[in-house]
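According to our numbering, the stretch in the sequence shown is residues 280 to 399, in order.
Since the structure comes first, as structure tokens, the remarks are kept for the end.
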Amino acid sequence: MSGTVPEIDAIEKSQLRDLTPFRVGDTINVHFRIREGEKERIQVFKGVVIRKSRGGAGATFSVRKVSGGVGVERIFPLHSPRIEKVVVAARGHVRRSRLYYLRDLRGKKARLRERQRHNN
Numbered sequence: 280m281s282g283t284v285p286e287i288d289a290i291e292k293s294q295l296r297d298l299t300p301f302r303v304g305d306t307i308n309v310h311f312r313i314r315e316g317e318k319e320r321i322q323v324f325k326g327v328v329i330r331k332s333r334g335g336a337g338a339t340f341s342v343r344k345v346s347g348g349v350g351v352e353r354i355f356p357l358h359s360p361r362i363e364k365v366v367v368a369a370r371g372h373v374r375r376s377r378l379y380y381l382r383d384l385r386g387k388k389a390r391l392r393e394r395q396r397h398n399n
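Pasting the structure below:
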């Protein structure tokens, strides 16, 4: 016995979306649809992915950016229908799955090393 109900698995599988794969440490642009009154528009949130959590339909990821000298973090549901697209701007090289230490760093110290591509 697998421990999960097949009907729930089927519903959860239908809600999964196929987005651009990204990892912790990558700088990404999240195109997010927001509602302002009657109108809808797309807002772009650019920052570093500091964590990804869980799998399945409830998966989330956190993106951090510095705006006007103030650190801003936003948690996005990975499979949300409000996310239009995710664009990877830069690939970062990190050795941690949670980059909470970036909260304490300022300026150039908060930059991440770029991941090198090996052509073999």
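C-beta: ideal position from N, C-alpha, C; glycine also.
No experiment lies behind these values; they were computed from the predicted model shown.
Heavy atom of the ligand ADP within 7 Å of residue i beta-carbon
i    : result
K387 : This structure does not include the ligand ADP; it has no bound ligands of any sort.
Coarse secondary structure for residue i, derived from DSSP in three states
i    : result
V294 : Strictly speaking, residue 294 in this sequence is Gln, with Val absent from that position. Helix, per DSSP.
R392 : strand
G350 : strand
M280 : Its pLDDT being 43, under 50, M280 is placed unreliably by the model, and nothing is read from it.
V373 : coil
R302 : coil
DSSP beta-bridge partners of residue i
i    : result
G326 : I307
T339 : S332 and P356
I321 : R312
Beta strand (DSSP E) segment containing residue i, residue limits
i    : result
K387 : Counting along the chain, K387 falls outside any beta strand (DSSP E), and DSSP gives it neither H nor E.
V367 : I362 to A369
| field | Meets three-Cβ-pair contact criterion under 8 Å: the segment 325 to 338 and the segment 295 to 303 | value | Yes, they touch.
| Sufficient close CB pairs (3 or more, under 8 Å) joining the segment 311 to 319 to the segment 369 to 380 | In short, these stretches do not touch, since the Cβ pair count stays below three.
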